[in-house]
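J.: Numbering (the working numbering), first residue to last: 184 to 527.
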Amino acid sequence: MGVYDLKGEAYLKKILMISTGGTIASTPSDDGLTPTVSGGEMVKLIPELEGLCEITVCDLLNLDSSNMQPEYWVAMASACYTALSTGFDGIVITHGTDTMAYSAAALSFMLMNLNKPVVLTGSQIPIEEPKTDGKRNILDAFRVAADGRLAGVYVVFAGRIVPGYCVRKVYSRDFKTMEAINRRLAGKIVKGEVVLDGNPPALHTAPMALHTDLDPNVLLVKLLPGTRPELLEAAGNLGYKAVVIEAFGLGGIPNVKRNLLPAIEKLIEQGIPVVVTTQCVYEGCDMSVYDVGVEAARAGALSGGTMTPEAIAVKLMWILGHTDDPVRIRELFYKNYVGEISSP
Ligand code: ASP
């Protein structure tokens, strides 16, 4: 992938690879798979990368992504920002698949007005194993990063290019695990070529900005028939600043027997926003259809719409990093920053 400087001489795009661990970097140990392989070692295993772009490697973390924490998202976002402000054309981040959706959402909000690509990838099978999907995924991630037409945060996995704000891991083992939830793929990698779905999004006119203030005090609760209201009440006492409820179907909250509405009202009175989303994977929630949704909306709960629970929870952490005023939180929650809010 060549680009030309002012003298017309070809040069290769400069891409920074940030390695953070995950299965892709793992080797067997007495305690199971553990990330040990460095970014440089991974790159050396993929000869096809030669000549595609100029690669610099930064070993930032070496974690199973179950150990990922909001502080590490900040480290990743800061590394991306520094690199992109100092001449790099794009970023590839190798990352565990288990929490990649959260990291992708976090980077989408923390790196505002991105006019360059930040591409996360990983694998279901370690890169040193013969049947690995890691080499293909890294190569594809570099193809997208060096292609340069897409700007923003994406996950590239099993030939798919998924926008970072709507990704979810849907299979625990299958290669095609990363899906775009309630959105289209940004494109695919077909026979080594980056094929976009439609026109790439327009570039930002405002300069890139790094917003790393996060408040991790967000609770995500999945309801069960019989969930006790005391659980929600406890959230306030434990210092949580926002609560996301994965409710039933279109966003149904029980309003009889173990009625959760008074607890939701109490949280909202305490200035703790409550967002309702759905346990269904596809089509999001619509609290206007059933009384079990309408009453929760009347109690003041916000609707997560078609956003993934991952994106909702991370967006709330990011909003809480900016303000604790409930009116402002509501306003910012419904603001579409990177495409996470779908038009009706
Ligand atoms: N447990 C691994 C991780 O998320 C799984 C993977 O990378 O596929 O780090």
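We put the beta carbon where it would ideally sit given N, CA and C, even for glycine.
1) Within 10 angstroms of the Cβ of Asp396, are there 16 or more other Cβ atoms? Answer buried if so, exposed if not.
2) Just checking, does the segment 361 to 376 make contact with the segment 306 to 316 on the three C-beta pairs under 8 Å criterion?
3) In three-state terms, what does DSSP make of Gly419?
4) With a 10 Å radius around its C-beta and 16 neighbouring C-beta atoms as the bar for buried, classify Tyr354 as buried or exposed.
5) Looking at Asp357 and the ligand ASP, is the gap between the Cβ and the nearest heavy atom below 6 Å?
6) Assuming the contact rule is C-beta atoms closer than 8 Å, Leu216 and Tyr264 should be a hit. Round their C-beta distance to whole Å, please.
7) For Val378, collect the residues of the same chain with a Cβ closer than 6 Å to its Cβ; drop the 5 residues on either side in sequence, then sort them by chain order.
8) Please report how far the alpha carbon of Gly204 lies from the alpha carbon of Val464, in whole angstroms.
9) When you compare only the Cα positions, how much space is there between Cys236 and Lys196?
10) Got a sec? Which residues, its chain only, sit under 6 Å from Met490 by beta carbon, not counting five neighbours each side?
11) At which residues does the alpha helix (DSSP H) containing Ala389 begin and terminate?
12) Buried or exposed for Asp214, going by 16 or more other Cβ atoms inside 10 Å?
13) Contact check, Ile436 vs Ala479 under 8 Å by CB: the rounded distance?
14) Need the endpoints of the beta strand (DSSP E) that Asp357 sits in, please.
15) So, do the segment 470 to 484 and the segment 443 to 460 have three or more beta carbon pairs nearer to each other than 8 Å?
16) What residues in its chain sit with their C-beta under 6 Å from that of Val350, if we drop five residues either side in the sequence?
17) Does the Cβ of Ser486 lie closer than 6 Å to at least one heavy atom of the ligand ASP?
18) Regarding Asp507 and the ligand ASP, is the C-beta to nearest heavy atom distance less than 6 Å?
19) Going by other Cβ atoms of all chains shown within 10 Å of its Cβ, with 16 needed for buried, is Ser202 buried or exposed?
20) Decide yes or no for the touch test of the segment 237 to 254 against the segment 339 to 347: beta carbon pairs closer than 8 Å, at least 3 of them.
21) Would you check if there are 3 or more beta carbon pairs closer than 8 Å linking the segment 402 to 413 to the segment 258 to 275?
22) Just the C-alpha distance for Gly476 and Arg511, rounded to the nearest angstrom, thanks.
23) Hey, Pro509 and Gly454: beta-carbon distance below 7 Å or not?
24) For the beta strand (DSSP E) holding Thr343, just list the boundary residues, first then last.
25) Fully enclosed by the segment 436 to 477, which beta strand (DSSP E) runs are 3 residues long or longer?
26) For Asn245, report the span of its beta strand (DSSP E) as first-last.
27) How long is the line joining the alpha carbons of Gln605 and Cys468, rounded to whole angstroms?
28) Once DSSP output is grouped into helix, strand and coil, what is the label at Lys424?
29) My assumption, with CB atoms under 8 Å, is that Pro300 sits in contact with Ala334. Please give the rounded CB distance.
30) For the alpha helix (DSSP H) containing Phe340, name the first residue and the last one.
T.: In terms of the structure at hand:
1) Numbered from 1 along the sequence shown, position 213 holds the residue referred to as residue 396. The residue in question, Asp396, is exposed, as its Cβ has fewer than 16 Cβ neighbours within 10 Å.
2) Result no; under three Cβ-Cβ pairs closer than 8 Å.
3) In the sequence shown, counting from the first residue as 1, residue 419 sits at position 236. DSSP, read as helix, strand or coil, puts Gly419 in helix.
4) Locating residue 354 in the sequence shown gives position 171, counting from the first residue. That one is exposed.
5) If you number the sequence shown from 1, residue 357 lands on position 174. Asp357 Cβ: outside cutoff for every heavy atom of the ligand ASP.
6) Taking the first residue of the sequence shown as 1, we reach residue 216 at position 33. Taking the first residue of the sequence shown as 1, we reach residue 264 at position 81. Not confirmed; about 31 Å, so no contact.
7) Taking the sequence shown and counting its residues from 1, the one referred to as residue 378 is at position 195. Contacts found: Gly370 and Lys371.
8) Looking up residue 204 in the sequence shown gives position 21. Looking up residue 464 in the sequence shown gives position 281. C-alpha separation (whole angstroms): 27 Å.
9) Along the sequence shown, read from residue 1 onward, the residue named residue 236 stands at position 53. Along the sequence shown, read from residue 1 onward, the residue named residue 196 stands at position 13. Here the alpha carbon of Cys236 sits roughly 5 Å from the alpha carbon of Lys196.
10) For the purposes of this step, residue 490 is taken as the residue at position 307 of the sequence shown. A distance below 6 Å between beta-carbons, with the five flanking residues on each side excluded, links Met490 to the following residues of its chain, in chain order: Glu523.
11) Counting from one through the sequence shown, the residue named residue 389 turns up at place 206. In this chain, Ala389 is not harboured by any alpha helix (DSSP H), its DSSP state being neither H nor E.
12) As a working mapping, residue 214 is identified with position 31 in the sequence shown. Around the C-beta of Asp214, fewer than 16 other C-beta atoms lie within 10 Å, and the residue is accordingly described as exposed.
13) As a working mapping, residue 436 is identified with position 253 in the sequence shown. As a working mapping, residue 479 is identified with position 296 in the sequence shown. At roughly 4 Å, the Cβ-Cβ gap stays under 8 Å, so Ile436 and Ala479 are in contact.
14) Here the question's residue 357 lines up with position 174 in the sequence shown. Annotation for Asp357: no beta strand (DSSP E) segment contains it, and DSSP assigns it neither H nor E.
15) The answer is yes - the segment 443 to 460 touches the segment 470 to 484, with three or more Cβ pairs under 8 Å.
16) Locating residue 350 in the sequence shown gives position 167, counting from the first residue. Cβ neighbours of Val350 within its own chain (closer than 6 Å, five residues either side excluded): Ala284, Ala287, Val338 and Met361.
17) Here residue 486 refers to the residue found at position 303 when the sequence shown is read from its first residue. Incorrect: Ser486 has no Cβ contact closer than 6 Å to the ligand ASP.
18) For this step, residue 507 is matched to residue 324 along the sequence shown. False, no ligand heavy atom lies under 6 Å from that Cβ.
19) For the purposes of this step, residue 202 is identified with residue 19 of the sequence shown, where counting begins at 1. Flag for Ser202 reads buried.
20) No, they do not touch.
21) Taking a contact to require three or more Cβ pairs closer than 8 Å, the segment 402 to 413 and the segment 258 to 275 do not qualify as touching.
22) On the sequence shown, residue 476 is found 293 positions in, with the first residue counted as 1. On the sequence shown, residue 511 is found 328 positions in, with the first residue counted as 1. Gly476 and Arg511: Cα-Cα distance of roughly 23 Å.
23) By 1-based counting over the sequence shown, the position of residue 509 is 326. By 1-based counting over the sequence shown, the position of residue 454 is 271. If you check the CB distance, Pro509 and Gly454 come in under 7 Å.
24) Taking the sequence shown and counting its residues from 1, the one referred to as residue 343 is at position 160. At residue 343 the sequence reads Arg, which differs from the Thr that was named. Arg343 to Pro346 is the extent of the beta strand (DSSP E) around Arg343.
25) Within the segment 436 to 477, the complete beta strand (DSSP E) runs of at least 3 residues are 457 to 461.
26) Here residue 245 refers to the residue found at position 62 of the sequence shown. In the DSSP assignment, Asn245 falls within the unbroken beta strand (DSSP E) covering Glu237 to Leu246.
27) Any answer about residue 605 is impossible in this case: the structure gives the chain only from 184 up to 527.
28) Position 241 of the sequence shown holds residue 424. The three-state reading of DSSP puts Lys424 in coil, since its state is none of H, G, I, E or B.
29) Here residue 300 is taken as the residue at index 117 of the sequence shown, counted from 1. Here residue 334 is taken as the residue at index 151 of the sequence shown, counted from 1. The beta carbons of Pro300 and Ala334 sit about 6 Å from each other, so the pair counts as a contact at 8 Å.
30) Residue 340 sits at position 157 when you count from the first residue of the sequence shown. Segment Gly335 to Phe340 is the beta strand (DSSP E) holding Phe340; no alpha helix (DSSP H) there.
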